[in-house]
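Beneath this line is the structure, given in structure tokens, with notes to follow.
Numbering (my numbering), first residue to last: 10 to 297.
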């Protein structure tokens, strides 16, 4: 490997993911999203790079359209959040079905899970037992696109769903954070662990004084064109009281050997900034 022109074609490309958030309440600001942040960290811990986060309305046609657009981009994984409940505006599953050109069908596993949860809540005094427990609202939560797989929700009612198309896996999860996190941990994480062995997020960072972002931009942009495309160089302008400084982060996803690539690029960045008159203070490196 040349120190002046870093290209690492031999290292397997990392898997990529998109996050899709569904909910009018997110768009109008009624609810502050917590799921994308949590999912981004979790995906990163498995070495999966999140390339896009999309927020859309609770609208069947819009969901279907966005699903087709995502499929055309061929990400490895898609995690969606929201719209799986029993109310009139919970339309994510119908939008998914339309987007994939599938029918919605009652899933027997989902029905059994809903029945078990209902019985548990009756015994706990949450509900009084009623005839016809499998009403239309519960049936709605048990309907999934034909050919997909229901994922048990140990923290709530609505199951998640795994939909596979081509090389992309769609994990359709509830919007309630504790339910999303439970299904992710129990069903999604084992798949990511199995399919991304040894891939991690590698990052080196440092504080820079004496050089602003505008002064470094041209040289850093030129360097970005030379290095492995999975290495990302990012600057963040900061203030410490009245003192202006820049926090630099050089990061990327890859296996254990890729850490050396990120480290080498970091060295080149440091040399450029020192030559520009910068003063560098190290920040602890990160690996997750």
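C-beta atoms are modelled at their ideal positions from N, C-alpha and C, and glycine is treated no differently.
Because the structure is a prediction, the values reported are computed rather than measured.
1) My output table needs one value for residue 142: the three-state DSSP class, helix, strand or coil.
2) Taking the straight line between their C-alpha atoms, what separation do you get for residue 29 and residue 68?
3) Please say whether residue 24 and residue 98 have beta carbons closer to each other than 7 Å?
4) What do you get for residue 199, buried or exposed, if any count of 16 or more other CB atoms within 10 angstroms of its CB means buried?
5) To the nearest angstrom, how far is the alpha carbon of residue 17 from that of residue 87?
6) Enumerated in chain order, which unbroken segments of the alpha helix (DSSP H) with a length of 4 residues or greater are wholly contained in the stretch 64-121?
7) In whole angstroms, what is the alpha-carbon distance linking residue 241 and residue 288?
8) Going by alpha carbons, who is nearest to residue 103 out of 234, 127, 143, 74?
9) What's the gap between the Cα of residue 44 and the Cα of residue 245?
10) Buried or exposed for residue 276, going by 16 or more other Cβ atoms inside 10 Å?
11) Please report the distance separating the alpha-carbon of residue 78 from that of residue 269.
12) Please state whether DSSP places residue 167 in a helix, a strand or coil.
13) Going by beta carbon distance, what residues of the same chain come within less than 7 Å of residue 64, once the five residues before and after it are set aside?
14) Could you name the residues that DSSP lists as bridge partners for residue 253?
15) Figure out for me which residue from 107, 254, 278 has the closest Cα to the Cα of residue 213.
16) What are the start and end residues of the beta strand (DSSP E) that includes residue 31?
17) Since residue 181 is in the beta strand (DSSP E), which residue starts that stretch and which ends it?
18) Please name the residue in 128, 94, 282 whose C-alpha comes closest to that of residue 300.
19) Would the beta-carbon of residue 208 be found less than 6 Å away from any heavy atom of the ligand GDP?
20) What whole-angstrom Cβ distance do residue 120 and residue 167 have, given they're in contact under 8 Å?
With the structure as the only source:
1) coil
2) 13 Å
3) no
4) exposed
5) With a pLDDT of only 34 at residue 17, under 50, the local geometry of the prediction cannot be trusted, and the value read off the model is given with reservation. Distance between the alpha carbons of residue 17 and residue 87 is about 27 Å.
6) 69-82, 101-109
7) 21 Å
8) 74
9) 24 Å
10) exposed
11) 36 Å
12) coil
13) 30, 35, 36
14) 248
15) 278
16) 25-31
17) 177-182
18) The structure shown does not extend to residue 300, since the chain is modelled only from 10 through 297, so no value can be given for it.
19) In the structure on display, the ligand GDP does not appear, and there are no ligands present to speak of.
20) Not confirmed; about 12 Å, so no contact.
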